[in-house]
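Asks: Numbering (this note's numbering), first residue to last: 39 to 1071. For every residue, glycine included, the Cβ atom is placed at its ideal position computed from N, Cα and C.
#1: Should residue 927 go down as buried or exposed, given a rule of 16 or more other Cβ atoms within 10 Å for buried?
#2: Counting along the chain, where does the beta strand (DSSP E) carrying residue 1033 start and finish?
#3: Please confirm whether residue 178 and residue 235 have their CB atoms less than 8 Å apart.
#4: I need the boundaries of the alpha helix (DSSP H) containing residue 133, first residue and last residue.
#5: Could you pull the start and end residues of the beta strand (DSSP E) that residue 666 belongs to?
#6: Near residue 233, what residues of its chain come up, given a Cβ to Cβ distance below 7 Å and the 5 sequence neighbours on each side ignored?
#7: To the nearest angstrom, report how far apart residue 344 and residue 539 are at their CA atoms.
#8: Which one of 1021, 1017 and 390 has the shortest CA to CA distance from residue 322?
#9: Identify whether residue 418 lies in helix, strand or coil by the three-state DSSP scheme.
#10: State the DSSP-derived secondary structure class of residue 822, mapped to helix, strand or coil.
#11: Please work out which residues of its chain come closer than 8 Å, Cβ to Cβ, to residue 396, disregarding the five sequence neighbours upstream and downstream, and give them in chain order.
#12: What does DSSP give as the partner residues of residue 251 in its beta bridges?
#13: Would you list the one or two residues that DSSP bridges to residue 753?
#14: Considering just the uninterrupted stretch of the beta strand (DSSP E) at residue 631, what are its terminal residues?
#15: Hey, could you find the ends of the alpha helix (DSSP H) residue 796 is sitting in?
#16: Look at the Cβ atom of residue 757, then the Cβ atom of residue 828, and state whether they are nearer than 8 Å.
#17: Exposed or buried, which one is residue 728 when buried takes at least 16 other CB atoms within 10 Å?
#18: Roughly how many whole angstroms lie between the Cα atoms of residue 1060 and residue 451?
#19: Near residue 466, which residues of its chain fall below 6 Å by C-beta distance, leaving aside the five closest residues on each side in sequence?
#20: So, residue 365 versus residue 73, is the Cβ gap smaller than 8 Å?
#21: If residue 579 and residue 547 are in contact, beta carbons under 8 Å, what's the gap, nearest whole angstrom?
#22: Tell me the rounded alpha-carbon separation between residue 1052 and residue 492.
#23: Using the three-state DSSP reduction, which class does residue 716 fall into: helix, strand or coil?
#24: Would you grab the beta carbon distance between residue 623 and residue 640 for me? Rounded to a whole angstrom, and I think it's under 8 Å.
#25: Per DSSP, which one or two residues make a beta bridge with residue 177?
#26: Does residue 403 pass the burial test, meaning 16 or more other C-beta atoms within 10 Å, or should it be called exposed?
#27: Is it the case that the Cβ atoms of residue 775 and residue 744 are separated by a distance below 8 Å?
#28: Measure from the alpha carbon of residue 672 to the alpha carbon of each residue in 224, 153 and 818, then state which is nearest.
#29: Mind pulling the alpha helix (DSSP H) runs of 4 or more residues that sit fully within the region 170–219?
#30: What residue does the alpha helix (DSSP H) around residue 1004 start on, and which one ends it?
#31: How would you write the range of the beta strand (DSSP E) that residue 335 sits in, first residue to last?
#32: Go through the region 937–989 residue by residue and report every complete run of the alpha helix (DSSP H) that reaches 4 residues or more, in order.
#33: Would DSSP call residue 912 helix, strand or coil?
#34: Whose C-beta lies closer than 7 Å to the C-beta of residue 456 among residues of the same chain, with five residues either side of it excluded?
#35: Give me the Cα-Cα distance between residue 428 and residue 106, rounded to the nearest whole angstrom.
#36: Could you tell me the distance, in whole angstroms, from the CA atom of residue 69 to the CA atom of residue 852?
Next up, the structure:
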């Protein structure tokens, strides 16, 4: 039956309680189980529709209450703490915005729960009158003084920038004005005609693309100073006699709620073990049957349809009348019973002892689409003066900026080669230039204009990539003739199992799953590599493959490099398979001898379906009855010879390898057809950016950072990369925080000791892990969301990027503290570096070059060290282009190239000043900044399809407004180039009335043996004529 909460929230016994509470005052609900607290609060709010203050003991408790209220469909808002993350820093803008939104909501008569803590209530807010006064309404169609609005933004402390990506910023581009209000979820884009707003829409700060039109919006002219100097608190926004509920005991005596709810003692089972504890299961079924016989109302909360379907199947098989049970698809973690009302609330998570540490995403509006587009390359990088770049024809040089040439209106890209030789490249030929990334810490040597080194380096690289492609294609061809096991198509259990996944899959995760299953259903043995960062969803791909293997009647093995990682995988698989008849085992040094013998026997006789283990799995005494799939996790941490030996051992068995070292998409595309690979580069939805704080070493900041994280129920990494002094650091932290549990981990410890420390941290038994950079890459610890890096100046940006990535793996806000010595902190160079790091604090946007360097390390792991030298000699982008061409040539495919089709139309000029000729360029009046125009020209030059061109046009119109005629002509040239390239035409040029098309170095003529003719007419007509002629050929 479908569940509706209304009847229960309006139960007469609850209404009796409500009458005691409506007059206001303070009430304690400490005596109620957490899920019952949410239920009771939801019932109170449903009855009286008034603001209700709920004061919890921690942010963690606030989140638990929010999950419960979400499940009961009750309105709530969270009023967070805003304590600065360091002594010098301003409050977190995101938290500041959330607090302002709560204040505005109360001014607009919000009715529901306000969830908060005592600390949050003590922190200041601007007065209600000031908040009202400094609020500006924007409505499309309404006349507004545009100049006056911009002046008010400046007066309010808004910073004028080129690109708006943070709160408190605004930008003006022609008819477009962007701004990010202090209390906004997203920045706003307004398009103007004179003093009238003609369009109002939200846009994403990463992609800069609009995604939602608005009928009206408020702009807050409050700033950080108004907030920090505010004298008001949240109580000034609440009505007098607001009912207040406390979830913990406080010193002031207050009455308890006089109502009795009970926890389910039968359901307090170990994680992942419930289903197989037969006695406990029988007791539960007996209790459930009694409740049904006594006419109790039973509500079971499940996460999704997959869980509901499977649970109904299990209960029906046990003789339970499921028609007498209500089911609700909501993520409640724990249930309760209410004997007086004959109500039992159960959860799937409790019944099967799983998701004990589940972190449910709550109403986080920060969308993930933009980040996905960013990571898949839709947003181009901007070059800075002095960056190393590669000119396709002349080699490695430095970018020196964009210059206007004397006596002309044309813009040129200035490049500097060896001996300070200069080359000026027209800006519309930006496609000839790419950023140089060599994957090494050494600075590259500049090439000489007209020199031979570049030609030799290119030639050597072309030969190397050709040999590599040939070798990989040969291995692929040899596998084609082998015949392995063809797994059946998905059955209803597979679909049900996949539907029970708690989270929303990303697009590239779904693609990887489909590619893996397609390989398994083929007769050819699978050898697929899944690449992606930790926490991006590789494990779920493996889990679904393992489930498919077991459903196909085969055994599966998962090989991990360390005991800690193997144990984490065992826990995950046990949770996911908890309500299916799949027997899972762990084989590693933690297992007792007697248990190991049972596991070995079970693998041999087939009673164990799935085994997870370390290298122990590869021992001679491990014999499978019918192994069908082996998953190798963290494959980059095993040796090449070791992996080749396994491939030979498991030649006819499907192999799925997982790698946490990211590789570039360009390499992935270059290897298409030569290596079976899937790339997962999109983080899960609702990931907050990691806030990066760079500051001088200060023990007050260290204490504050650790306390802040522990107070919200989290854990902390403290990275100190010197073993000699690590014990002293541990003593200092212990003296600062005597009650904190600290453990040390470094590379000179015995492997077993280090693994015990790491496992204790994974299990939440340690508050602070003080370690060197040995912090294990493969572990996914969502509860660790603060990292403190001592002497951050000793690490490269790429290393800092990787270390910082240990946190921020859940929907909790994460913090990375980069500590520098005080004397270094005040140096000019250090300040520049600090600024760069702080600018690069956003998820996905920051550390762009550092991430590329990491990816190229991944490329080296994949391709071998010999290829790394060639990458360094020509730069990574050109290396990938050459590799892609080599693979396509050996596969007999047509080689595609961005520059193969050249377009030269004599009736269109690429710069102003051409008399009566039409123009095709980007005027500075449309894009004011040269860097933006350079990026725009590169976008057009790199477009590979009409679809991509249309996306570029949408993006420009959104960001810069309607384009002028020269830009429309530029789009037309790009469209002609794309149509011509698709037809294999190498050159398209107009010469007065003649249209000259060249294919295979020969001109194309009409049936009469003449060049196609262009009728003298306006520009648009000529362009249409060229497109029609291209259709003919």
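Replies: In terms of the structure at hand:
#1: Against the chain shown, residue 927 aligns to sequence position 889. The residue in question, residue 927, is exposed, as its Cβ has fewer than 16 Cβ neighbours within 10 Å.
#2: Position 995 of the chain shown, counted from the start, is the residue given in the question as residue 1033. If you look at residue 1033, you'll find it in the beta strand (DSSP E) that goes 1032–1037.
#3: The count along the chain shown starts at 1 and reaches residue 178 at position 140. The count along the chain shown starts at 1 and reaches residue 235 at position 197. In this structure, residue 235 lies closer than 8 Å to residue 178 by Cβ.
#4: Taking the first residue of the chain shown as position 1, residue 133 is located at position 95. Here the alpha helix (DSSP H) through residue 133 covers 131–145.
#5: For the purposes of this step, residue 666 is taken as the residue at position 628 of the chain shown. Unbroken beta strand (DSSP E) run through residue 666: 665–670.
#6: Locating residue 233 in the chain shown gives position 195, where the first residue counts as 1. Hits under 7 Å: 181, 182, 183 and 184.
#7: Stepping through the chain shown from its first residue, residue 344 is reached at position 306. Stepping through the chain shown from its first residue, residue 539 is reached at position 501. Taking the straight line from one Cα to the other gives about 8 Å.
#8: Your numbering for residue 322 matches position 284 in the chain shown. Closest option to residue 322, Cα to Cα, is 390.
#9: Looking up residue 418 in the chain shown gives position 380. Confidence in residue 418 is poor, its pLDDT being 46 and thus under 50, which makes the residue's placement unreliable; the coordinate value appears in the next sentence. The three-state secondary structure of residue 418, taken from DSSP, is coil.
#10: Numbered from 1 along the chain shown, position 784 holds the residue referred to as residue 822. Strand.
#11: Working through the chain shown from its first residue, we reach residue 396 at position 358. Summary for residue 396: the model assigns pLDDT 47, below 50, so the residue's position carries little reliability, and this model does not support an answer.
#12: Along the chain shown, one-based indexing puts residue 251 at 213. Paired residues: 239.
#13: Working through the chain shown from its first residue, we reach residue 753 at position 715. Residue 753 is bridged to 822.
#14: Here the question's residue 631 lines up with position 593 in the chain shown. Looking at the DSSP string, residue 631 is not in any beta strand (DSSP E); the run it does join, the alpha helix (DSSP H), is 631–643.
#15: For the purposes of this step, residue 796 is taken as the residue at position 758 of the chain shown. Counting along the chain, the alpha helix (DSSP H) containing residue 796 begins and ends at 789–800.
#16: Mapped onto the chain shown, residue 757 falls at position 719. Mapped onto the chain shown, residue 828 falls at position 790. Going by C-beta atoms, residue 757 is nearer than 8 Å to residue 828.
#17: Position 690 of the chain shown, counted from the first residue, corresponds to residue 728. Flag for residue 728 reads buried.
#18: Locating residue 1060 in the chain shown gives position 1022, counting from the first residue. Locating residue 451 in the chain shown gives position 413, counting from the first residue. Each residue's alpha carbon lies about 31 Å from the other.
#19: Locating residue 466 in the chain shown gives position 428, counting from the first residue. Cβ neighbours of residue 466 beyond the five flanking positions: 948 and 975.
#20: Position 327 of the chain shown, counting from 1, holds the residue named residue 365. Position 35 of the chain shown, counting from 1, holds the residue named residue 73. No.
#21: Stepping through the chain shown from its first residue, residue 579 is reached at position 541. Stepping through the chain shown from its first residue, residue 547 is reached at position 509. Rounded, the Cβ-Cβ distance is 7 Å, consistent with contact.
#22: Working through the chain shown from its first residue, we reach residue 1052 at position 1014. Working through the chain shown from its first residue, we reach residue 492 at position 454. Straight-line measurement puts the Cα of residue 492 at about 42 Å from the Cα of residue 1052.
#23: Here the question's residue 716 lines up with position 678 in the chain shown. Strand.
#24: For this step, residue 623 is matched to residue 585 along the chain shown. For this step, residue 640 is matched to residue 602 along the chain shown. Confirmed, Cβ separation roughly 7 Å.
#25: Along the chain shown, one-based indexing puts residue 177 at 139. DSSP output for residue 177 lists no bridge partner at all.
#26: What you label residue 403 is simply residue 365 of the chain shown in a count that begins at 1. For residue 403, the predicted model reports a pLDDT of 36, less than 50, meaning its position is unreliable; a value from the coordinates is still stated below. Here residue 403 is exposed. Its C-beta has fewer than 16 other C-beta atoms within 10 Å.
#27: If you number the chain shown from 1, residue 775 lands on position 737. If you number the chain shown from 1, residue 744 lands on position 706. Using a Cβ distance threshold of 8 Å, residue 775 and residue 744 count as a contacting pair.
#28: Walking along the chain shown from the start, residue 672 turns up at place 634. With distances taken between Cα atoms, residue 672 lies closest to 818.
#29: 184–193, all fully within the region 170–219.
#30: Here residue 1004 refers to the residue found at position 966 when the chain shown is read from its first residue. Per DSSP, residue 1004 belongs to the alpha helix (DSSP H) from 1003–1020.
#31: In the chain shown, counting from the first residue as 1, residue 335 sits at position 297. Segment 335–340, the beta strand (DSSP E) holding residue 335.
#32: Whole alpha helix (DSSP H) segments, 4+ residues: 968–980.
#33: Within the chain shown, numbered from 1, the residue matching residue 912 stands at position 874. Helix, per DSSP.
#34: Residue numbering aside, residue 456 sits at position 418 when the chain shown is read from its first letter. Within the same chain, 484, 485 and 486 come within 7 Å of residue 456 by CB-CB distance, once the 5 residues on both sides are set aside.
#35: Position 390 of the chain shown holds residue 428. Position 68 of the chain shown holds residue 106. If you take the alpha carbons of residue 428 and residue 106, they lie about 56 Å apart.
#36: What you label residue 69 is simply residue 31 of the chain shown in a count that begins at 1. What you label residue 852 is simply residue 814 of the chain shown in a count that begins at 1. Those two C-alpha atoms are separated by around 32 Å.
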